[in-house]
Amino acid sequence: MSSFSPAFKARFGPWALITGASSGIGRALAEGIAARGLNVVLVARREAELRRLAAELESRHRIATRVSVVDLSEPTATEALVTAMADLDIGLVVAAAGFGTSGPFLHSRLEHERNMLALNAQALLERTHLMLPHLVQRGRGGIVLPGSIVGFQGTPWAAHYAATKAYV
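In this text, residue positions in the sequence shown follow my numbering: the first is 1, and each later residue adds one.
Here it is, written out as structure tokens:
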């Protein structure tokens, strides 16, 4: 069912960039944004899921999609993504990519904790900083930064995840 919205499209269109689009909140937001008539750039690590979602959205809502398979925790990934999308008039940026770890920090894998910090905070900072000039120049648009209630309080066994969400 489509909920096309000319006002929404006028304010945020013609394109939205959605990270974390292969599942969860990112996927739900991609579906809702496409239903309102915006073309979507779907970004995540899982290509098969992104391609399946792109086909569904194109068929159901008659919009265009672009799929970008990228691990945003990689140091140069965000800048490369923004550069690759420079030919699109992106008016809405949704930063839904993220993950959390839990359990005793002492027993966590440092690599996982670094990747979570890179994705949940650093990539978010870079994407926002790189996309903001375009949004300001076009005079309209938006950035959606999904957080978590744990960002407002320390959480036993998930302190580092809570810290990354506090950053958001």
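For glycine and all other residues, C-beta sits at the position ideal for the given N, C-alpha and C.
Separation of Pro104 from Ala10, as counted between CA atoms: 48 Å
Other residues of its chain near Pro6: CB distance less than 6 Å, five sequence neighbours each side excluded: none
Met131 to Trp157 span [Cα, whole Å]: 34 Å
Assigned secondary structure, Arg66 (DSSP; H/G/I helix, E/B strand, else coil): strand
Neighbour-count burial assignment, His160, 16 or more Cβ in a 10 Å radius: buried
Spatially closest choice to Arg45 from Leu92, Leu119 and Ala35, by CA coordinates: Leu119
Beta strand (DSSP E) segments (min. 3 residues) lying fully within the stretch 18-50: 39-44
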